[in-house]
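These protein sequences, in sequence, are chains S and P. Using this note's numbering, read the first sequence as starting at 84 and increasing by one per residue. Using this note's numbering, read the second sequence as starting at 11 and increasing by one per residue.
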Amino acid sequence: MGQHFMQSVLEKIKDAVVNGDMENYQTLISDALKQGHSAQKILDSMSYAMAIVGEKYAEGDYYLPQVLVSAEVFTKALEIIEPDLKKSISATSVKGKIVIGVVEGDIHDIGKKLVATLLGAAGFEVYDLGKDVRIEQFVDTAIEKNANIIGMSALMTTTMGGMEKVVKLLEEKGMKGKIKTMIGGSPITQEYAEKIGADAYGESAQKAVQVASKLMGIGVLVND
Amino acid sequence: MIEKMTSLERARVALNRGVPDVVPVFSRDLTFPLDVVNYTTPEVCRGGPNGAYNGEKSARAVIAAQKELGHDVCVGSIWDLGLSSDAYGGITDFPEQGIPMVKVPAFGERPEKIDEMSPLDFRKDGRYPGVLKSYEIVSKEIGNRVGIAVNIEGPVTEASMMRGTEKLVFDMMIHPDIAKKIIDLATTNIKGFIKDCIEGGANWAVFLASSNDGTEILTPELMRKYSLPNITTIVEHAKKLGYPVVFHPHGIFTDPRNSQLVDESIATGIAGFQFAEKNDFKLAKEKWGSRVCILGGVDIATAILPGPVSRIEDEVKLRLKECASGGGYIVMASCSLHRKTPIPHVKAMVDATHRYGVYPLHLDG
Chain S
84 MGQHFMQSVL EKIKDAVVNG DMENYQTLIS DALKQGHSAQ KILDSMSYAM AIVGEKYAEG
144 DYYLPQVLVS AEVFTKALEI IEPDLKKSIS ATSVKGKIVI GVVEGDIHDI GKKLVATLLG
204 AAGFEVYDLG KDVRIEQFVD TAIEKNANII GMSALMTTTM GGMEKVVKLL EEKGMKGKIK
264 TMIGGSPITQ EYAEKIGADA YGESAQKAVQ VASKLMGIGV LVND
Chain P
11 MIEKMTSLER ARVALNRGVP DVVPVFSRDL TFPLDVVNYT TPEVCRGGPN GAYNGEKSAR
71 AVIAAQKELG HDVCVGSIWD LGLSSDAYGG ITDFPEQGIP MVKVPAFGER PEKIDEMSPL
131 DFRKDGRYPG VLKSYEIVSK EIGNRVGIAV NIEGPVTEAS MMRGTEKLVF DMMIHPDIAK
191 KIIDLATTNI KGFIKDCIEG GANWAVFLAS SNDGTEILTP ELMRKYSLPN ITTIVEHAKK
251 LGYPVVFHPH GIFTDPRNSQ LVDESIATGI AGFQFAEKND FKLAKEKWGS RVCILGGVDI
311 ATAILPGPVS RIEDEVKLRL KECASGGGYI VMASCSLHRK TPIPHVKAMV DATHRYGVYP
371 LHLDG
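Given below as structure tokens:
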């Protein structure tokens, strides 16, 4: 109990995200700001927390509902600090730009949303196109936003073929290699990624962050 | 030498953990048969008068697929996941050559609407009368020799179709009263659908397609709270009607952290458990094969979709070695089969099972 009272407010924020504490996160953010912590410091604690959540999910210690609630706390807390954050953030602090979505014909977007949240927490600028995304929309948006990576998810064996079409369209437009591709989802495997010419495969939401970081040539956020 | 059985007989024997003449195949061909007869998806799923489900075309597709492929058990209709949501006012999209998808779940934005809703009357509501018509035709045409399964979602999965998966998960975590109401309504509807399908000629078993009832979506605690008690209710209902139940929750249940849930699932009274992809089938057979029929085994993403035929045959032979000894095993793909799945690859799964799965087994050579 003593240790609880010794915790700094930033540690409490980290725990609130990890534990999906919907009741207390607002008060904790407010306390942290009052104590003079910068929005960036608060974001760092929250991002670290989401990395822990991603790791727990990858290890099988957390299940999807726990991750969803943690992601919800993260997103809501981010909304509170966003105005302050925008004042301090610079373009150079962005690790990379990524366009992400669920391929055409597929509406299972929970996994993709988790990946998007974790990527955002890890410092990527994320353009989330949602679910049932057309092939051309992935490529057009990536070119328009000058993105480094296209991330695609599929949960159905019948829709995963859309990923190959995106890779081929990038090739046709002469953008393959300039815009990297990473894929994931329940039926997807490393073998499939290699078969269709995708640059990387993310086995889990947490791995997807590591893979995106590697594609950008930067270190991963969390050490195992 | 075991006397030759009809497809229905061997499927019944295997589900009862007995030794049939040959290992049966249940293709769980939900929209797959549409490719066999070259119908569009809307032509069947809303191709009747006033956007009704076309039961005649559905039945023609199911029967043609069974005749071409020779699987032992089929589903009595083309199945689309939007049926219940549509019946309560949701919106489903029907791609010409794709799988029907719930675009707007009936209770997605206004869960309080649930309080105004009654259980469905499947002979009148939504597109269900066409589905039941399909079961009747399929039963009349091939029901004397082929197994016809009732295919219906499990309680949490069915509730997810009406509410949206993410919202239902949040309800379970934050608004359990809403989650309970929707899942209870789903359970009541599942029971009603089972009764009407059996009256329509389903002759083998009830298959609970339960992708969202397992640990791929739920925590073990949520599965225990929201899924398994309702599975018990459904199993009791089906047993009273004289039919066994197969449960197919998604998740890796051979993982020690989840394996207790298989024991608890068996305790609900199910006759069969279909393991999804990434499970250890050898372990599943050793651990639970004496208490429940094991179903599944041929991976869609790595074998059935890409092929070649030799890879599918190898996977079938491996599964037969792991699971078929002593009976109580039914070959299935790792999940349901939909259109755009190569027809020769599905046929390869059926043919390989019937070629190598003859009892007594000789698989070591």
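Just so it is clear, CB atoms sit at the ideal spot from N, CA and C, and this is done for glycine as well. Only a predicted model underlies this, so the values are computations on that prediction, with no experimental measurement involved.
Under 8 angstroms between the Cβ atoms of residue i and residue j?
| i | j | result |
| --- | --- | --- |
| residue 293/P | residue 233/P | no |
| residue 298/P | residue 262/P | no |
| residue 259/P | residue 290/P | no |
| residue 86/P | residue 149/P | yes |
| residue 170/S | residue 208/S | no |
| residue 49/P | residue 71/P | yes |
| residue 163/P | residue 210/P | no |
| residue 117/P | residue 203/P | no |
| residue 187/S | residue 226/S | no |
| residue 55/P | residue 101/P | no |
| residue 252/P | residue 284/P | no |
| residue 177/S | residue 203/S | no |
| residue 79/P | residue 166/P | no |
| residue 105/P | residue 51/P | yes |
| residue 249/S | residue 235/S | yes |
| residue 20/P | residue 30/P | yes |
| residue 278/P | residue 245/P | yes |
Step through the CB atoms of chain A and report whether any lies within less than 8 angstroms of the CB of residue i.
| i | result |
| --- | --- |
| residue 164/S | No chain A is part of this structure, whose protein chains are labelled S and P. |
Bridge partners for residue i per DSSP, in chain order?
| i | result |
| --- | --- |
| residue 210/S | 182/S |
| residue 103/P | 111/P |
| residue 312/P | Paired residues: none, contrary to the question. |
| residue 39/P | 347/P |
| residue 159/P | 85/P |
| residue 220/P | 259/P |
| residue 264/S | 233/S |
| residue 342/P | 307/P |
| residue 368/P | 32/P |
Just reading off the alpha helix (DSSP H) that residue i is part of, what are its end residues?
| i | result |
| --- | --- |
| residue 291/P | 291–298 |
| residue 275/S | 273–279 |
| residue 284/P | Looking at the DSSP string, residue 284/P is not in any alpha helix (DSSP H); the run it does join, the beta strand (DSSP E), is 282–285. |
| residue 180/P | 175–184 |
| residue 350/P | Per DSSP, residue 350/P belongs to no alpha helix (DSSP H) and is neither H nor E. |
| residue 240/P | 238–250 |
| residue 221/S | 218–227 |
| residue 274/P | 270–276 |
| residue 202/S | 193–204 |
| residue 130/S | 122–142 |
| residue 51/P | 51–55 |
| residue 264/P | That residue, residue 264/P, is in no alpha helix (DSSP H); it is neither H nor E in DSSP. |
| residue 288/S | 288–298 |
Over what stretch of residues does the beta strand (DSSP E) that includes residue i continue unbroken?
| i | result |
| --- | --- |
| residue 5/P | In the structure as shown, chain P starts at 11 and stops at 375, and residue 5/P therefore has no counterpart that could be examined. |
| residue 258/S | Run containing residue 258/S: none; DSSP gives neither H nor E here. |
Alpha carbon to alpha carbon, how far is residue j from residue i? Give it in angstroms, no decimals.
| i | j | result |
| --- | --- | --- |
| residue 233/S | residue 257/S | 15 angstroms |
| residue 100/S | residue 59/P | 52 angstroms |
| residue 144/S | residue 274/S | 26 angstroms |
| residue 110/P | residue 103/P | 6 angstroms |
| residue 122/P | residue 187/P | 11 angstroms |
| residue 271/S | residue 269/P | 24 angstroms |
| residue 158/S | residue 190/P | 26 angstroms |
| residue 147/S | residue 115/S | 29 angstroms |
| residue 25/P | residue 205/P | 20 angstroms |
| residue 182/S | residue 190/S | 17 angstroms |
| residue 84/P | residue 159/P | 6 angstroms |
| residue 210/S | residue 193/S | 16 angstroms |
| residue 40/P | residue 347/P | 6 angstroms |
| residue 334/P | residue 93/P | 36 angstroms |
| residue 13/P | residue 372/P | 17 angstroms |
| residue 231/P | residue 171/P | 21 angstroms |
| residue 257/P | residue 247/P | 14 angstroms |
| residue 208/P | residue 198/P | 16 angstroms |
| residue 303/S | residue 200/S | Its pLDDT being 46, under 50, residue 303/S is placed unreliably by the model, and the measurement read from it follows with that caveat. The straight-line gap from Cα to Cα measures roughly 16 angstroms. |
| residue 280/P | residue 363/P | 24 angstroms |
ask   = Of all the residues that make up the region 220–231 of chain P, which are near chain S by a beta-carbon distance shorter than 8 angstroms?
value = Cβ contacts with chain S: 225, 226, 227, 228, 229, 230.
- Task: Would you list, in chain order, the members of the region 169–180 of chain P that have their beta-carbon closer than 9 angstroms to a beta-carbon of chain S?
- Result: Hits within the stretch, in order: 175, 176, 179, 180.
Contact set between the region 289–323 of chain P and chain S, restricted to residues whose Cβ is under 7 angstroms from the partner: The residues in question are 310, 311, 312, 315.
What residues in the region 265–297 of chain S bring their beta carbon closer than 9 angstroms to a beta carbon of chain P? The residues in question are 269, 270, 271, 272, 274, 275, 278.
Select from the region 261–286 of chain P all residues with a C-beta closer than 8 angstroms to any C-beta belonging to chain S, and list them in chain order. Listed in chain order, the positions of the region 261–286 of chain P with a beta carbon within less than 8 angstroms of a beta carbon of chain S are 265, 267.
For this session: Could you run through the region 188–205 of chain S and flag, in chain order, every residue whose CB is less than 9 angstroms away from some CB of chain P?
Result: Per Cβ criterion, the list reads 188, 189, 190, 191, 192, 193, 196.
Practice item. Select from the region 150–163 of chain S all residues with a C-beta closer than 8 angstroms to any C-beta belonging to chain P, and list them in chain order. Key: Taking 8 angstroms as the Cβ-Cβ cut-off against chain P, the residues of the region 150–163 of chain S that qualify are 151, 152, 155.
The region 343–362 of chain P: positions lying closer than 8 angstroms to chain S by Cβ = Cβ contacts with chain S come from 345, 348, 349, 350, 351.
Requested in this report: Could you please tell me which residues of the region 100–123 of chain P, in chain order, have their CB closer than 9 angstroms to any CB of chain S?
Outcome: Residues 103, 105, 108, 109, 111, 112, 113.
**OP:** Pull out every residue of the region 178–209 of chain P whose Cβ sits closer than 9 angstroms to any Cβ of chain S, in chain order.
**Re:** If you check each beta-carbon in the region 178–209 of chain P against every beta-carbon of chain S, the ones closer than 9 angstroms belong to 179, 180, 182, 183, 184.
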